[in-house]
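Residue numbers (this note's numbering): -8 to 189.
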């Protein structure tokens, strides 16, 4: 298999025996009162490409220096085979200089999806934005103004509209119709902490 890293074609003992591909999805999972779950897909994360090898030959030291300089620069380079080409950054390169003609090493590459630099504030972080948006959309709806002659009641865990109506000696349909702005999920799904008037 042909392997080229940053324009340097790796020799037999420098190449990885296998290349880890695939990865996972970055998910922002938010759980809300009442059992609602919001899952925001933030995009893929890829497994790091890591392997060990040996620089061998009269140019071993020079090749070590060239790849070491790529790591020091911290810039995006291309990792390519006959089948694919991937933008990567060298996150770790650890050579052991035994002789000038035989240098074992280990290396780790991180896939680059979008390089926007470091140090950006949280307000520009896409995950933080998504979490804030979901929290805002799932927050409690605006409460009704207290109608004359109505009693304020805070919904508790395990409450049902029929149970509240029975305790308050009211019809559950009347309670629901008076509190539709709050009971946005219908009469059978009450969220603890919400305030209604009965």
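Here a beta-carbon is modelled for each residue, glycine too, at the ideal position from N, C-alpha and C.
Going by Cα to Cα distance, which pick from 153, 25, 12, 4 is closest to residue 75?
Within the chain shown, the letter at position 84 stands for residue 75. If we check each option's Cα against that of residue 75, 12 comes out closest.
Helix or strand or just coil, what does DSSP make of residue 147?
Reading the chain shown from its first residue, position 156 is the one you call residue 147. DSSP places residue 147 in coil when its eight states are reduced to three.
State the beta-bridge partners of residue 76 as determined by DSSP.
Walking along the chain shown from the start, residue 76 turns up at place 85. Looking at the DSSP assignment, residue 76 forms a beta bridge with 71.
Considering only residues of the region 18 to 105, which uninterrupted beta strand (DSSP E) runs meet the minimum length of 3 residues and lie entirely inside it, listed in chain order?
28 to 37, 40 to 47, 68 to 71, 76 to 86, 93 to 102
Going straight from the alpha carbon of residue 67 to that of residue 85, what length do you get?
As a first step, residue 67 is located in the chain shown; it is residue number 76 there, counting from the start. As a first step, residue 85 is located in the chain shown; it is residue number 94 there, counting from the start. In a straight line, the C-alpha of residue 67 is about 18 Å away from that of residue 85.
Are the C-beta atoms of residue 41 and some chain B residue less than 7 Å apart?
Checking the listed chains, one finds no chain B in this structure; it contains a single protein chain.
Starting from residue 155, trace the alpha helix (DSSP H) in both directions and tell me its first and last residue.
Position 164 of the chain shown, counted from the first residue, corresponds to residue 155. Counting along the chain, the alpha helix (DSSP H) containing residue 155 begins and ends at 152 to 159.
Output needed for residue 208: all residues of its chain with C-beta closer than 6 Å, excluding positions within five of it in sequence on either side, in chain order.
Coverage of the chain is limited to positions -8 through 189, which leaves residue 208 absent and any answer about it impossible.
Are the beta-carbon atoms belonging to residue 148 and residue 183 less than 7 Å from one another?
Translated into the one-based positions of the chain shown, residue 148 becomes position 157. Translated into the one-based positions of the chain shown, residue 183 becomes position 192. Taking 7 Å as the Cβ cut-off, residue 148 and residue 183 qualify as a contacting pair.
Checking the sheet assignment: what are the DSSP bridge partners for residue 188?
As a position in the chain shown, residue 188 is number 197, starting the count at 1. Answer is 143, bridged to residue 188.
Going straight from the alpha carbon of residue 193 to that of residue 26, what length do you get?
Outside the displayed range of the chain (-8 to 189) lies residue 193, so it cannot be described from this structure.
State the DSSP-derived secondary structure class of residue 0, mapped to helix, strand or coil.
Start at 1 with the first residue of the chain shown, and residue 0 comes out as number 9. Residue 0 falls in the strand class under three-state DSSP.
With respect to the alpha helix (DSSP H) encompassing residue 165, which residues constitute its N-terminal and C-terminal limits?
Start at 1 with the first residue of the chain shown, and residue 165 comes out as number 174. From DSSP, the alpha helix (DSSP H) with residue 165 extends over 163 to 169.
When we look at the beta-carbon of residue 5 and count the other beta-carbons within 10 Å, is it buried (16 or more) or exposed?
By one-based count along the chain shown, residue 5 stands at place 14. Burial call: buried.
Buried or exposed: which applies to residue -4, given that a residue is buried once 16 or more other Cβ atoms fall within 10 Å of its Cβ?
By 1-based counting over the chain shown, the position of residue -4 is 5. Counting Cβ neighbours within 10 Å, residue -4 comes out buried, since at least 16 surround it.
Quick check on residue 108: does DSSP put it in helix, strand or coil?
Along the chain shown, one-based indexing puts residue 108 at 117. Because the pLDDT of residue 108 is 44, which lies under 50, any placement of that residue in the model is unreliable, and the number read from its coordinates should be weighed accordingly. Coil, per DSSP.
Whose CA, out of 16, 36, 37, 43, lies closest to the CA of residue 30?
Here the question's residue 30 lines up with position 39 in the chain shown. Checking every option, the nearest Cα to that of residue 30 belongs to 16.
Residue 28: buried (16+ other C-beta within 10 angstroms of its C-beta) or exposed?
On the chain shown, residue 28 is found 37 positions in, with the first residue counted as 1. A residue is called buried when at least 16 other Cβ atoms come within 10 angstroms of its Cβ; residue 28 does not meet this threshold and is exposed.
With C-beta atoms as the reference, is residue 92 less than 7 Å away from residue 39?
Numbered from 1 along the chain shown, position 101 holds the residue referred to as residue 92. Numbered from 1 along the chain shown, position 48 holds the residue referred to as residue 39. In this structure, residue 39 does not lie closer than 7 Å to residue 92 by Cβ.
How long is the line joining the alpha carbons of residue 24 and residue 43, rounded to whole angstroms?
Here the question's residue 24 lines up with position 33 in the chain shown. Here the question's residue 43 lines up with position 52 in the chain shown. Rounded to the nearest angstrom, the two C-alpha atoms are 49 Å apart.
Apart from the five residues just before and just after residue 101, which ones in its own chain have a Cβ nearer than 7 Å to its Cβ?
Counting from one through the chain shown, the residue named residue 101 turns up at place 110. 39, 79, 80, 82.
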